[in-house]
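For reference, the structure discussed in these notes is given below.
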Amino acid sequence: MASVKMKNVYKRYDGGVTAVSDFNLDIEHREFLILVGPSGCGKTTLLRMVAGLEDITEGEIYIDDKLVNDVQPKDRDIAMVFQNYALYPHMSVFDNMAFGLKLRKIPKEEIKKRVQEAAKILDIDHLLDRRPKALSGGQRQRVALGRAIVRDPKVFLMDEPLSNLDAKLRVQMRTEISKLHQKLNTTFLYVTHDQTEAMTMGTRIVVMKDGYIQQVDTPQALYERPSNMFVAGFMGSPQMNFISAKVEKRGDEIHLTFGKDDIKLPEGKAKKLEMSDYIGKEVILGIRPENIHDEALFLESMPESIVEARIELVELLGSETLLYMVVDNVDFIARVNPRTKAKTGDIMKVAFDPNKIHLFDKDTERTIIN
Amino acid sequence: MRRSRIKKYTLAVFGIILAIFWISPFYLVLDNSFKTKKELFTSTIGLPKKIQLGNYRQAAVDLGLGESFVNTILITALSILIIIIFSSMSAYALQRVKRKTSTFLFIFFTAAMLIPFQAVMIPLVAEFGKVKMLNIPGLIFMYLGFGCSLGIFLYHGALKGIPQSLDDAARIDGCGRFRTFWLIVFPMLKPTTVTIIVLDIMWIWNDYLLPSLVVNKQGMRTLQLMIFYFFGQYTRQWHLALAGLTIAILPVLIFYFLVQKQIVKGIISGAVKQ
């Protein structure tokens, strides 16, 4: 069992900068928890506090119900993988992996066995005699993982471990780390600024901004039901489109108007909105690129949510096409079928899937309806 | 094409002239150390008619070679050892502990390099004399003081190139600060260490002025001090002095040729992305 609990954790630096504010989180055993957010949001600081590399200004951190605030990193039973691998350049791969075990005075035979086992899992058993200098980026990352595995720690901490790899290798290592998590069956705490990594790997994701938690949820839930505009914009690539719209009530119907465009909200969403006091007010309408359609079939079936768009750029990606367009002077991106007939400069009609519309409060940026 | 060839030859000629300038003192020392005293003055540049190995034998006896050689090695080795230990550890602390006091102390240490030795030597020796810290122990202590500035300066620069994450990894692996430094960081500073060793060997081994002020006991004299005794008030035994000089130069030269590759590495380390 290895759970991690954080209670009202704060980190303030001498200069008065607060990196982490009132952080509360329970990470369960075997969870693959991802901390994601833009750079400077405090995610790495938090990870370093769990590792014991950074002092906690206020609050409590528990590993397996044991308060670890004043416990040395080596006694926390954690292992960490760093962004730049942090391999010891003057030691061979074997010594790099064995170093922590040697310091713990584990018998030589046992060390050898453990290193070889870990090397086999990571497919680096033929590299044990080499120095890090003689390895490729991907191999170095495996050694860094190996160094963590041999320790058999309660919690794995990973600080953007894939960001130094090229795109292809990153995708490959992503799946390998996920497999590793399933194989090792321990708790993983993983920091990244890459929302794709977060979405694909995590069992739960914590989205952070300016030291505060924005939302904690499963990848699917975060994507479909973001709690505010920041999360909605951060998760998903290309990001969600936003436009300011006015809520109007016409008889039983609720409409959203922006410029000369007008969208009728479906009944379910309309009912929810009616109960709130947003009628007659400005809100932010959010819609994901894949929920904007240009096919005739959609246009026919959604006649009440059609808007006019000017196509600025058509980007072919093979399996899909991105349309960069302008709707009422606001830039939008739509992800459409590659068979689209849209061309740069076209003025065409597109349909917003009204069931997939998100509405946010203009002032607080909190979600009104998902 | 032609122009570039002319340029190449001109450069070669300049190079050769420079090399001759450079080598000539070594040639003169070595060449004349094999001559008799008389021959040395009649044909200074020419090769010796008969190689006088006796000069070396005599010089070794007069230098008290066994004793002075051991003294010089002892002083050089011990001084460099403690300079390396102190300056690398101080630089590590100053570079890794990010406080204003660290910056201040670092500037303080490096600024000390600008103070000319001659400006402080008399009061220094007087003060050390008062606390009875002269001769070899005092000398080593003084070399530590004079040598640390450059050591700290060079180590500080080299440490900037060693990522903090290595320290973190070592801490998680189970090292305290001390072991992190000695097991992980220090081995990575090897090129800088070699550079400092070479620079300091050439300085301490060849130093005459400081030992001449500090050493006043018969059995504690260094090679350089002993060589000076070939130049008496009335007699100057050039042939013996030059043989003695050759003996004194040789160990440093050999060492220099052995490690010169490392020195270049140390000087350019951190200049380019590896």
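Chains as they are written, first to last, in the working numbering: chain U, 1 to 370; chain V, 1 to 274. Here a beta-carbon is modelled for each residue, glycine too, at the ideal position from N, C-alpha and C.
- Burial check for W22 of chain V: the Cβ neighbour count within 10 Å stays below 16, so the residue is exposed.
- For the options U:E274, U:I357, U:G15 and U:G236, the alpha carbon positioned closest to that of G251 of chain U is the one of U:E274.
- Residue pairing by DSSP places S244 of chain U opposite U:I284 in a beta bridge.
- Of the candidates U:Q195, U:R288 and U:G202, the residue whose Cα lies closest to the Cα of I177 of chain U is U:G202.
- In this structure, the beta-carbon distance from S68 of chain V to R236 of chain V does not fall below 7 angstroms.
- Considering only beta carbons, no part of the region 130-142 of chain U lies closer than 7 angstroms to chain V.
- With 16 or more other Cβ atoms inside 10 Å of its own Cβ, E197 of chain U counts as buried.
- According to the DSSP assignment, I115 of chain V belongs to no alpha helix (DSSP H), since it is labelled neither H nor E.
- In terms of Cβ geometry, T180 of chain V and A169 of chain V do not form a close pair [threshold 7 angstroms].
- The three-state secondary structure of G268 of chain U, taken from DSSP, is helix.
- According to the DSSP secondary-structure assignment, N135 of chain V is paired through a beta bridge with no residue.
- The residue from U:M49, U:M235 and U:Y88 with its alpha-carbon nearest to that of P187 of chain V is U:Y88.
- Going by C-alpha positions, Y212 of chain U is about 8 angstroms away from C41 of chain U.
- As summarised for the region 192-261 of chain V, the continuous alpha helix (DSSP H) elements at least 4 residues long and confined to that stretch are 209-214 and 223-228, given in chain order.
- Inter-segment contact for the region 214-231 of chain V and the region 30-46 of chain V is absent: fewer than three beta-carbon pairs are separated by less than 8 angstroms.
- Under the three-pair Cβ rule at 8 angstroms, the region 256-276 of chain U counts as touching the region 303-320 of chain U.
- Within the region 20-96 of chain V, the alpha helix (DSSP H) runs of at least 4 residues that lie entirely inside it are, in chain order, 37-42, 54-63 and 65-96.
- Here H358 of chain U carries a strand assignment [DSSP, helix/strand/coil].
- For G100 of chain U, the closest Cβ of chain V is nearer than 7 angstroms.
- Interface with chain V (7 angstroms Cβ-Cβ cutoff): R104 of chain U is included.
- Given a length threshold of 3 residues, each whole run of the beta strand (DSSP E) inside the region 52-100 of chain U is given here in chain order: 58-63 and 78-81.
- Within the region 183-215 of chain V, those residues whose Cβ lies closer than 7 angstroms to any Cβ of chain U are, in chain order, I184, P187 and M188.
- A contact between stretches requires three or more CB pairs, one per stretch, nearer than 8 angstroms, and the region 152-169 of chain U meets this requirement with the region 185-196 of chain U.
- In the structure shown, I124 of chain U adopts coil according to DSSP, grouped into three states.
- Any Cβ of chain U closer than 7 angstroms to the Cβ of S165 of chain V would place that residue at the interface, and such an atom is present.
- One thing to note: V252 of chain V has its Cβ no nearer than 7 angstroms to the Cβ of V194 of chain V.
- DSSP places T364 of chain U outside both helix and strand once states are collapsed to three, so it counts as coil.
- Straight-line measurement puts the Cα of F26 of chain V at about 33 angstroms from the Cα of P137 of chain V.
- Interface residue (Cβ-Cβ distance to chain U less than 7 angstroms): A169 of chain V is classified as such.
- In this structure, I172 of chain V sits away from M49 of chain U, with a CB-CB distance that is not shorter than 7 angstroms.
- Contact annotation: E58 of chain U and L67 of chain U have beta-carbon atoms that are not nearer than 7 angstroms.
- The C-beta distance from A2 of chain U to D64 of chain U rounds to 6 angstroms, short enough to meet the 8 angstroms contact threshold.
- In this structure, the straight-line span from the alpha carbon of K190 of chain V to that of K5 of chain U is close to 43 angstroms.
- A distance below 7 angstroms between beta-carbons, with the five flanking residues on each side excluded, links M89 of chain V to the following residues of its chain, in chain order: F181.
- Interface with chain U (7 angstroms Cβ-Cβ cutoff): I172 of chain V is included.
- In the displayed model, L322 of chain U falls within a strand according to three-state DSSP.
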